[in-house]
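A short worksheet on the structure shown next.
2 protein chains.
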Amino acid sequence: MSNKQSTQLKILEAAEQLFAETGFSATSLRQITSLAEVNLASVNYHFGSKKELIQAVLQRYLAILMPRLDQEFTRLLAAQQPNQLTTVLSVFVEPLLELSAVQPQGTSTFLQLLGRGYTDVQGHLRWFFNHHYGRTLDKFVLLVQQSCPALPPSEIFWRLHFSLGTIVFTMASNVALKDIAAADFNETVEIDGVIKRLIPYLAAGIAAPSAA
Amino acid sequence: MSNKQSTQLKILEAAEQLFAETGFSATSLRQITSLAEVNLASVNYHFGSKKELIQAVLQRYLAILMPRLDQEFTRLLAAQQPNQLTTVLSVFVEPLLELSAVQPQGTSTFLQLLGRGYTDVQGHLRWFFNHHYGRTLDKFVLLVQQSCPALPPSEIFWRLHFSLGTIVFTMASNVALKDIAAADFNETVEIDGVIKRLIPYLAAGIAAPSAA
DNA sequence: GTACATTTCAAACGTATGTTTAAATTCGCT
DNA sequence: AGCGAATTTAAACATACGTTTGAAATGTAC
Numbered sequence: 001m002s003n004k005q006s007t008q009l010k011i012l013e014a015a016e017q018l019f020a021e022t023g024f025s026a027t028s029l030r031q032i033t034s035l036a037e038v039n040l041a042s043v044n045y046h047f048g049s050k051k052e053l054i055q056a057v058l059q060r061y062l063a064i065l066m067p068r069l070d071q072e073f074t075r076l077l078a079a080q081q082p083n084q085l086t087t088v089l090s091v092f093v094e095p096l097l098e099l100s101a102v103q104p105q106g107t108s109t110f111l112q113l114l115g116r117g118y119t120d121v122q123g124h125l126r127w128f129f130n131h132h133y134g135r136t137l138d139k140f141v142l143l144v145q146q147s148c149p150a151l152p153p154s155e156i157f158w159r160l161h162f163s164l165g166t167i168v169f170t171m172a173s174n175v176a177l178k179d180i181a182a183a184d185f186n187e188t189v190e191i192d193g194v195i196k197r198l199i200p201y202l203a204a205g206i207a208a209p210s211a212a
Numbered sequence: 001m002s003n004k005q006s007t008q009l010k011i012l013e014a015a016e017q018l019f020a021e022t023g024f025s026a027t028s029l030r031q032i033t034s035l036a037e038v039n040l041a042s043v044n045y046h047f048g049s050k051k052e053l054i055q056a057v058l059q060r061y062l063a064i065l066m067p068r069l070d071q072e073f074t075r076l077l078a079a080q081q082p083n084q085l086t087t088v089l090s091v092f093v094e095p096l097l098e099l100s101a102v103q104p105q106g107t108s109t110f111l112q113l114l115g116r117g118y119t120d121v122q123g124h125l126r127w128f129f130n131h132h133y134g135r136t137l138d139k140f141v142l143l144v145q146q147s148c149p150a151l152p153p154s155e156i157f158w159r160l161h162f163s164l165g166t167i168v169f170t171m172a173s174n175v176a177l178k179d180i181a182a183a184d185f186n187e188t189v190e191i192d193g194v195i196k197r198l199i200p201y202l203a204a205g206i207a208a209p210s211a212a
């Protein structure tokens with residue numbers, strides 16, 4: 001291979017691949033350093049600890065994605081009247097797809113990592129995310145409330161969490177689902193296909209009439 | 001305490017609690033036996049291995065739930081015309097709530113375990129479940145297809161997995177969500193309240209018009 | 001009450017993990 | 001070329017895990 005990448009980068013790329021495939025806790029530093037073809041101790045040398053490596057892997061994507069999303073949310077909030085819910089949701093598509101700039105497969109990898117972040121019970125990740133990007137998320141919730149003026153805020157709260165569950169779970173099982181879909185329906189499914197399939201589903205669920 | 005329960009039962013109850021709270025792999029046999037106040041070796045004596053303990057914990061609920069669901073599905077399939085989608089989904093409510101017969105909080109615990117089963121990558125669980133209850137699941141998919149004749153089967157496949165994600169994620173974060181809802185909206189939320197909130201959301205998402 | 005099977009127990013086994021150490025090596029700079 | 005800092009390396013450390021062992025304790029039937 002004669003890989004001239006820096007050790008840091010080799011670790012990051014091996015780590016993100018294994019983290020996405022099997023989760024944070026289930027991936028050992030020895031697997032990572034073995035795949036990256038670097039010494040075991042170099043993870044602690046360059047990143048301090050496994051915990052900090054996990055944050056570095058996520059941060060590489062979040063640092064690109066979240067400012068982009070914030071900018072889009074701000075733009076929509078400036079509109080004179082409420083936006084369509086599908087418009088609000090569609091705002092995620094482009095910034096997510098642009099993550100392939102970090103790496104080919106970047107979009108898919110990041111979404112899987114996001115899923116792992118919620119299902120692996122890594123308390124430090126929740127804190128890390130809310131601390132850095134809570135403001136951006138608030139703008140999104142406001143946009144959804146404006147799109148659905150008939151729904152009480154508590155209903156929106158629940159439905160947004162329902163939707164987060166859909167996204168996180170779908171992305172965490174992304175590989176398995178793609179395999180099943182390919183086998184059962186002879187479909188080739190790429191990540192942008194899944195994202196675009198999600199939007200009408202989520203929009204319909206979030207905007208559904210209340211049960212009374 | 002002077003607990004006269006059998007060692008087996010004490011292990012099962014401690015295990016299900018810890019598995020639901022923190023997942024299968026993240027829970028050690030030493031945590032389980034410590035909470036159950038039994039000897040470490042008794043897990044291997046009574047259940048053989050950790051893997052088999054996990055299956056026993058799930059089986060205690062599945063053995064009650066799945067025949068009940070199968071019976072309901074069969075009843076609906078006997079109808080002359082397609083059932084409403086909300087009717088099909090509502091069929092889950094009663095059997096799930098009846099799981100409190102196993103244990104108070106049984107419904108909530110089981111749904112959390114189900115979530116863990118999907119997010120913890122325990123390959124043997126998927127096999128175990130499909131092998132035992134694949135037939136029942138097929139009936140449910142058929143019912144949904146009858147309810148949504150306009151949707152291609154591949155679209156239904158994806159949307160049912162989206163829905164599974166909602167359920168699994170919501171139940172896995174059940175405790176946290178209840179606390180937030182109580183604090184932000186002054187709502188008291190019980191498990192049957194969450195389940196009933198889910199149905200219109202899921203029904204609208206599954207039946208949404210296709211994007212293309 | 002004695003013999004037998006079942007269950008409990010403390011201890012150890014083998015393996016894997018994240019992290020640390022200290023020496024060896026490589027790199028950047030004058 | 002040679003010095004000092006940065007990096008890489010092999011080895012060990014401490015800890016945790018699931019599992020096994022063999023003896024002690026308990027229960028059961030005659």
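Residue numbers (my numbering), protein chains in the order written: chain P, 1 to 212; chain W, 1 to 212.
Ideal Cβ placement from N, Cα and C applies to all residues, glycine included.
Would you grab the beta carbon distance between residue 65(W) and residue 113(W) for me? Rounded to a whole angstrom, and I think it's under 8 Å.
-> About 11 Å separates the two Cβ atoms, so there is no contact after all.
How many Å lie between residue 109(W) and residue 60(W) at the Cα?
-> 12 Å
When you compare each of 168(P), 102(P), 103(P) to residue 195(P) by their alpha carbons, which one comes out closest?
-> 168(P)
Can a CB atom of chain P be found closer than 8 Å to the CB of residue 170(W)?
-> yes
Beta-carbon proximity of residue 143(P) to residue 47(P), cut-off 8 Å | no
If you count every other CB in all the chains shown that lies within 10 Å of the CB of residue 201(P), and 16 or more means buried, which is it?
-> buried
Could you tell me which uninterrupted beta strand (DSSP E) segments, each at least 3 residues in length, are contained entirely in the region 122-149 of chain P, listed from first to last along the chain?
-> none
Which residue's Cα is closest to the Cα of residue 67(P): 211(P), 79(P), 133(P), 171(P)?
-> 133(P)
Residue from 146(P), 6(P), 185(P), 165(P) with nearest C-alpha to residue 79(P) = 146(P)
Below-8 Å beta-carbon distance, residue 124(W) vs any chain P residue | no
Report yes or no: do the region 82-94 of chain P and the region 152-162 of chain P share at least 3 C-beta pairs separated by less than 8 Å?
-> no
Limits of the alpha helix (DSSP H) - the one that residue 107(W) falls within = 106-119
If contact means a Cβ-Cβ distance below 7 Å, which residues of the region 22-39 of chain W contact chain P?
-> 22, 23, 25, 26
Beta carbon proximity, residue 149(W) to chain P, threshold 8 Å | no
Does the beta carbon of residue 158(W) sit closer than 8 Å to a beta carbon anywhere in chain P?
-> yes
Where residue 41(P) sits in the DSSP three-state scheme | coil
For residue 29(W), collect the residues of the same chain with a Cβ closer than 7 Å to its Cβ; drop the 5 residues on either side in sequence, then sort them by chain order.
-> 40, 43, 50
Round the Cβ separation of residue 107(W) and residue 97(W) to the nearest angstrom and send it over; I've been treating them as touching at under 8 Å.
-> 6 Å
At what residue ranges does the region 6-66 of chain P contain a whole run of the alpha helix (DSSP H), taking only runs of 4 or more?
-> 7-22, 29-36, 42-47
Helix, strand or coil at residue 152(P) according to DSSP, with G and I counted as helix | coil
In the DSSP assignment, find the alpha helix (DSSP H) that holds residue 203(P) and state where it starts and stops.
-> 191-206
Out of 136(P), 170(P), 150(P), point me to the one whose CA is closest to residue 63(P)'s CA.
-> 136(P)
Are the Cβ atoms of residue 25(P) and residue 210(W) separated by less than 8 Å?
-> no
To which residues of the same chain is residue 128(W) closer than 7 Å at the C-beta, ignoring the five residues directly before and after it?
-> 55
Within 10 angstroms of the Cβ of residue 205(W), are there 16 or more other Cβ atoms? Answer buried if so, exposed if not.
-> buried
Excluding the 5 residues preceding and the 5 following residue 16(P) in the sequence, name in chain order all residues of the same chain whose CB lies nearer than 7 Å to its CB.
-> 57, 109, 113
Between the Cα of residue 103(W) and the Cα atoms of 7(W), 120(W), 31(W), 13(W), which residue gives the shortest distance?
-> 13(W)
Tell whether a beta-carbon distance below 8 Å holds between residue 126(W) and residue 172(W).
-> no
Would you say residue 204(W) faces chain P, with C-beta separation under 8 Å as the test?
-> yes
Check the C-beta distance from residue 198(W) over to residue 139(W) and give it rounded, since I have them as a contact under 8 Å.
-> Their Cβ separation, rounded to whole angstroms, is 21 Å, which puts residue 198(W) and residue 139(W) out of contact at 8 Å.
Best match in 5(W), 119(W), 69(W), 70(W) for proximity to residue 166(W) [C-alpha to C-alpha] | 119(W)
Residue 163(P), DSSP secondary structure in three states = helix
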